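Reminder that position 100 of the sequence shown reads as 149 in this note's numbering, one-by-one numbering, no gaps.
Every residue gets a Cβ at the ideal spot worked out from N, C-alpha and C, and that includes glycine.
Every value quoted in this text rests on a predicted model; they were computed, and no experiment measured them.
Notes follow once the structure below has been shown.
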Amino acid sequence: MKPFLTLITLTLLSFHLSAQHTIVLTNDQKIEGVVLSIEHDVLTLATNGEEEKIQMKEVSSIFFKEYVPYDGAFVKEGEEKVLQVDGFTVKYQIKGREMVRPPKVSIGTEDKGAVVVKITIDRYGNIRSAEPGMPGSTTSNQYLYTKAKTAAKSAQFDENLKGPLTTEGTITIVY
50 MKPFLTLITL TLLSFHLSAQ HTIVLTNDQK IEGVVLSIEH DVLTLATNGE
100 EEKIQMKEVS SIFFKEYVPY DGAFVKEGEE KVLQVDGFTV KYQIKGREMV
150 RPPKVSIGTE DKGAVVVKIT IDRYGNIRSA EPGMPGSTTS NQYLYTKAKT
200 AAKSAQFDEN LKGPLTTEGT ITIVY
């Protein structure tokens, strides 16, 4: 019985932490989520990983549960961009940032596959961490993982001095 109560408590806590706001509409419908912005009489709400836009004239009340600093995690990543680097296809997807220096891609074998590398960049556009083998990779070859990690760390993104301290995204290298 005790593990069951613990599970229920954890489930309720995780729901409470993910839904900071309750929006009550004029038709008495309630929506749980995180208010991202209110601009030009349009409320943008992140709910279930999706952005939802609601006209303010449809909103009756907004209830705030607790303050949790917003890190941008509820907004989908930017669109995937594709480029060719020395005959290799490189794709990247990172919210609000542009690549200013492509990765230096090289390979010393005939191995093939796509490696998805999770990257973290700072405000200055430098790659702070790179973790290969993320979902979407089509190989488990450690050599390709090492080459993709090295290549990803050689890329550079544009500066965003007013943005978050770090931004996460992916670089996919197709060998």
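Check	Outcome
Between which residues of its own chain and T188 is the CB-CB distance below 6 angstroms, once the five residues before and five after are set aside?	G162
If you pair each beta-carbon of the region 66–82 with each one of the region 94–102, do three or more pairs fall below 8 angstroms?	yes
When you compare only the Cα positions, how much space is there between K211 and E159?	43 angstroms
Which first and last residues belong to the alpha helix (DSSP H) in which K102 is found?	From DSSP, K102 is part of no alpha helix (DSSP H) but of the beta strand (DSSP E) over E99 to Q104.
Determine contact between the region 133–140 and the region 183–199, defined as no fewer than three beta-carbon pairs at a distance below 8 angstroms.	no
Which value, in whole angstroms, describes the spacing of the CA atoms of V139 and Q69?	37 angstroms
Looking at E107 and L74, is the spacing between their C-beta atoms short of 8 angstroms?	yes
Cα separation between G127 and E147?	10 angstroms
Can you tell me where the beta strand (DSSP E) with T187 in it begins and where it stops?	Where T187 is concerned, there is no enclosing beta strand (DSSP E), given that its DSSP letter is neither H nor E.
Closer than 6 angstroms by C-beta to E129: which residues in its own chain qualify, once you throw out the five before and the five after it? Chain order, please.	K140 and Q142
Tell me which residue opens and which closes the beta strand (DSSP E) that P256 is part of.	Nothing in the structure corresponds to residue 256, since the chain is present only between 50 and 224.
Between G145, P151 and F113, which lies nearest to V131 when the distance is taken from Cα to Cα?	P151
Indicate the three-state DSSP secondary structure (helix, strand or coil) for E163 in the structure shown.	Here residue 163 turns out to be Ala, not Glu, going by the sequence shown. Note: A163 maps to strand in three-state DSSP.
Can you tell me which of the three DSSP states K130 falls into?	strand
Compute the distance between the beta-carbons of N209 and G145, then report whether it is under 8 angstroms.	yes
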